[in-house]
Structure formats: structure tokens, C-alpha cells
Amino acid sequence: MLYLCTLNRFIMEIIRLEFQPNIKAKILELLSSFSSDELKIVQEDSDFDENKRKLEIAYTKLKSGTERMYSIDEVDAILDKTFSE
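Quick note on numbering: my numbering labels position 36 of the sequence shown as 913, and the sequence is numbered without any gaps.
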């Protein structure tokens with residue numbers, strides 16, 4: 878797995894690549910043609926897959942209606958009520 882950051886006029890964009898080990902040298906050769914201002918190779922977040930899985934589960938629950946989101950005002954009201962009791 879490889880993350881790439883590319884410079885898009887003051888904004889860096891990140892893409893994630895998955896590739897077979899046998900083409901790694903070709904990919905790195907191509908990437909080396911860019912300057913460090915144009916492209917940076919970023920270490921993969923070791924928790925990426927786990928975080929992605931958790932987000933997908935949370936999104937599924939929100940979509941199905943088994944969980945809901947609260948606004949800051951709603952949470953504030955809930956906490957005020959809880960602590961006033």
C-alpha cells in the first residue's frame with residue numbers, strides 16, 4: 878500500500894495505491910521523476926483499515942436509523958439535564 882500526495886496549486890491531494898509487489902520498482906522509478914515539491918510519499922496509517930471499517934459500521938447504523946447524530950446544542954441540553962438531576 879502506498880499513499881501519494883500531489884501538489885495541486887497550494888493544495889496537496891492524497892491517493893492510495895494498491896499494487897502487486899512485482900511492479901513496485903516500476904512505480905518507484907516513475908515517482909522518482911517528480912520533485913519533492915510536486916510529490917511526497919506518505920507512510921500509511923497503520924489504523925487505516927480498522928478506522929475505515931468502524932466508519933462503515935457507524936454509517937450503516939446511521940443510514941438504517943438504529944443510531945442518530947446529535948447537534949452540539951442537543952448534546953449540551955442532554956448534559957445539562959443529566960447533571961442537574
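Glycine included, each C-beta is placed from N, C-alpha and C at the ideal position.
- Check the Cα spacing between valine 919 and each of Thr959, Ile955, Glu890 and Asp953: the tightest is with Glu890.
- Counting only the Cα atoms, aspartate 914 lies some 16 Å from leucine 905.
- The beta carbon of methionine 946 lies closer than 8 Å to those of Leu939 in the same chain, with the five residues before and after it left out.
- Inside the stretch 924-961, DSSP marks whole alpha helix (DSSP H) runs of 4 or more residues at positions 925-941 and 949-961, from first to last along the chain.
- For glutamate 895, there is no enclosing alpha helix (DSSP H), as DSSP gives it neither H nor E.
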